[in-house]
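2 protein chains.
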Amino acid sequence: MNTLSYGLLTLLSANSLSGYELTQNIKPLWRAGHSQIYPLLMSMEQQGYISYQLIEQSDKPDKKEYSITEAGLEQLRRWVETPAEPPVLRDELHFKLYSLWLSKPEEAKELLQKRAEFCKSELERYKVLLKANEVLRDERGETRELKATTFGRYLLIRKRVLDMESSIQFCEWALEELEPAK
Amino acid sequence: MNTLSYGLLTLLSANSLSGYELTQNIKPLWRAGHSQIYPLLMSMEQQGYISYQLIEQSDKPDKKEYSITEAGLEQLRRWVETPAEPPVLRDELHFKLYSLWLSKPEEAKELLQKRAEFCKSELERYKVLLKANEVLRDERGETRELKATTFGRYLLIRKRVLDMESSIQFCEWALEELEPAK
DNA sequence: GAGGACATGTAACGGGTTACATGATTTG
DNA sequence: CAAATCATGTAACCCGTTACATGTCCTC
Chain A
1 MNTLSYGLLT
11 LLSANSLSGY
21 ELTQNIKPLW
31 RAGHSQIYPL
41 LMSMEQQGYI
51 SYQLIEQSDK
61 PDKKEYSITE
71 AGLEQLRRWV
81 ETPAEPPVLR
91 DELHFKLYSL
101 WLSKPEEAKE
111 LLQKRAEFCK
121 SELERYKVLL
131 KANEVLRDER
141 GETRELKATT
151 FGRYLLIRKR
161 VLDMESSIQF
171 CEWALEELEP
181 AK
Chain B
1 MNTLSYGLLT
11 LLSANSLSGY
21 ELTQNIKPLW
31 RAGHSQIYPL
41 LMSMEQQGYI
51 SYQLIEQSDK
61 PDKKEYSITE
71 AGLEQLRRWV
81 ETPAEPPVLR
91 DELHFKLYSL
101 WLSKPEEAKE
111 LLQKRAEFCK
121 SELERYKVLL
131 KANEVLRDER
141 GETRELKATT
151 FGRYLLIRKR
161 VLDMESSIQF
171 CEWALEELEP
181 AK
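Protein chains in written order, with UniProt numbering: chain A, 1 to 182; chain B, 1 to 182.
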């Protein structure tokens, strides 16, 4: 049971999903490919934390729909209350900024502009998600119980939005700092 | 030549350093242990990107001081101007927030408070670094050439400060959002 | 002489990426 | 019938973490 396993349990605790859907849905939370996910699902199923039923579909290929078991939910509950490890950020840009003085000013500028563009496109994606989740909150907001399941998702998207805004701010500030050096 | 290799070249392009010093200095930029670094240094030395001389010390154990070669500098220059891959952030907190509804409110609160504390201590460390580098800028600021080598470092520390401030802001906002649910 | 900082390595294991492999179904 | 999306798996390789291993020098 590594972090990714708990991540899969996390998603399954809100919805039953197939391996394919898990691969899509985990993307904003953790980087992982399907080749990592399918074997983990099999091992977690053998350990009794999840179970699946084969869903026969006529419009699409058949799939395995995984659900969390009582044992899995227990395991997840214990893990959630455990203190979170410090985050690990791996960003090539750190090194490339550090040795900016080696590159021509136009190249340095392009590096920062490209990153700013990337962050802006991410920001847009998350803003859309945020709106969708704010609607959910409004609809269900009055009843505390239903609100709860969407609350974490709402917090998270909000976090991504703040992070992206901070990154964009940095890139734009750095580009300004770069100007007089030209 | 993976990203970490280029990171080591980056540090060596500013200063000659031992494996031990590289291990310390790379920490704010990239997570890596000495067991990853020493083998890489050996392979890069064999490829001719770096060279070392044995420094005999009387007050401390002897060390190998690595320097970047002309070939290494060439390699690094090409890499720096290459577009940066999108950053990879792995943070357990994402999953733990997502399934916050599974945990008791006090536990949820503690999770966010602990993260805020961590970010605040990081912020302090970086603010100290920032001040040290701003002094450097003031001293050397007038001559563009010398400024250049410290400029990237200055940008980077600034980025870390902004990131930490954004994370703290998030935690405090989330804690407020949590309150009425109590 | 014990503990801590300095210094350099190796080995085993687990996690993550890329590529290989296959196949159903829909849409243009 | 070709391309795109849905769907599930395996294998090889690289990267990263933890533990093992050794040794110097200084300070308390």
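Backbone N, C-alpha and C fix where the C-beta goes; we use that ideal spot for every residue, glycine too. Just so we're clear, the structure is a prediction, and the values are computed from it rather than from any experiment.
Requested in this report: Check each candidate in B:Ala-108, B:Glu-21, B:Ser-13 and B:Leu-29 and name the one with the smallest Cα separation from Leu-4 of chain B.
Outcome: The residue labelled residue 4 of chain B in the question sits at position 4 within the second sequence. Considering only alpha carbons, the answer is B:Leu-29.
Report task. Below 8 Å on the Cβ atoms is my guess for Leu-130 of chain B versus Met-164 of chain B; work out the distance and round it to an integer in Å. Result -> Position 130 of the second sequence, counting from 1, holds the residue named residue 130 of chain B. Position 164 of the second sequence, counting from 1, holds the residue named residue 164 of chain B. Leu-130 of chain B to Met-164 of chain B, Cβ: 11 Å. No contact.
**Report entry** Contact set between the region 94-109 of chain A and chain B, restricted to residues whose Cβ is under 9 Å from the partner
**Finding:** His-94, Phe-95, Lys-96, Leu-97, Tyr-98, Ser-99, Leu-100, Trp-101, Leu-102, Ser-103, Lys-104, Glu-107 and Ala-108
Query raised in the report: Got a sec, what are the start and stop residues for the alpha helix (DSSP H) Leu-73 of chain A sits in?
Result: As a first step, residue 73 of chain A is located in the first sequence; it is residue number 73 there, counting from the start. That run of the alpha helix (DSSP H) goes 70-80.
**Report entry** chain B contact residues for Thr-149 of chain A, given Cβ-Cβ distances below 8 Å
**Finding:** Residue mapping note: residue 149 of chain A aligns to position 149 of the first sequence, counting from 1. Result: Trp-101.
Query raised in the report: If you follow the beta strand (DSSP E) that Ser-51 of chain B is part of, which residue opens it and which one closes it?
Result: As a first step, residue 51 of chain B is located in the second sequence; it is residue number 51 there, counting from the start. That run of the beta strand (DSSP E) goes 50-55.
Query - Host alpha helix (DSSP H) of Leu-22 of chain A (start-end) - result: The residue given as residue 22 of chain A occupies position 22 in the first sequence. Note, Leu-22 of chain A: alpha helix (DSSP H), 19-25.
Requested in this report: Determine the direct distance from the alpha carbon of Lys-96 of chain A to that of His-94 of chain B, and round the result to whole angstroms.
Outcome: Within the second sequence, the letter at position 94 stands for residue 94 of chain B. Within the first sequence, the letter at position 96 stands for residue 96 of chain A. Their Cα atoms are separated by approximately 27 Å.
Report task. Identify the contact partners of Gln-169 of chain B in chain A, using a Cβ-Cβ distance below 8 Å as the criterion. Result -> Here residue 169 of chain B is taken as the residue at index 169 of the second sequence, counted from 1. Those within 8 Å of Gln-169 of chain B in chain A are Leu-162.
Requested in this report: Write down the C-beta distance between Tyr-52 of chain A and Glu-45 of chain A rounded to the nearest angstrom, noting that I regard them as a contact closer than 8 Å.
Outcome: Here residue 52 of chain A refers to the residue found at position 52 of the first sequence. Here residue 45 of chain A refers to the residue found at position 45 of the first sequence. Yes, Tyr-52 of chain A and Glu-45 of chain A are in contact; Cβ-Cβ is about 6 Å, under 8 Å.
Report task. Determine the chain A residues that contact Val-128 of chain B at a beta-carbon separation under 9 Å, and present them in chain order. Result -> Counting from one through the second sequence, the residue named residue 128 of chain B turns up at place 128. Near Val-128 of chain B there are no residues of chain A at all, since even the closest Cβ is about 18 Å away, more than 9 Å.
Query - Coil, strand or helix - Met-1 of chain A by DSSP - result: Stepping through the first sequence from its first residue, residue 1 of chain A is reached at position 1. DSSP places Met-1 of chain A in coil when its eight states are reduced to three.
Query raised in the report: Just the Cα atoms here: how many angstroms apart are Glu-177 of chain B and Lys-109 of chain B?
Result: Start at 1 with the first residue of the second sequence, and residue 177 of chain B comes out as number 177. Start at 1 with the first residue of the second sequence, and residue 109 of chain B comes out as number 109. So the alpha carbons of these two residues sit roughly 10 Å apart.
Query raised in the report: At a Cβ cut of 7 Å, what residues of the region 1-21 of chain B count as close to chain A, listed as they run along the chain?
Result: Thr-3, Tyr-6, Gly-7, Thr-10 and Ser-13
Query raised in the report: Relative to the C-alpha of Asn-25 of chain B, which residue among A:Ala-116, A:Tyr-98 and A:Thr-82 is closest?
Result: Taking the first residue of the second sequence as 1, we reach residue 25 of chain B at position 25. Among A:Ala-116, A:Tyr-98 and A:Thr-82, the Cα nearest to that of Asn-25 of chain B is on A:Tyr-98.
Query raised in the report: Looking only at DSSP bridge pairs, what is Lys-64 of chain A linked to?
Result: Stepping through the first sequence from its first residue, residue 64 of chain A is reached at position 64. Partner(s): A:Leu-54.
Report task. Determine the direct distance from the alpha carbon of Ile-157 of chain B to that of His-34 of chain B, and round the result to whole angstroms. Result -> Counting from one through the second sequence, the residue named residue 34 of chain B turns up at place 34. Counting from one through the second sequence, the residue named residue 157 of chain B turns up at place 157. Going by the C-alpha atoms only, they are around 23 Å apart.
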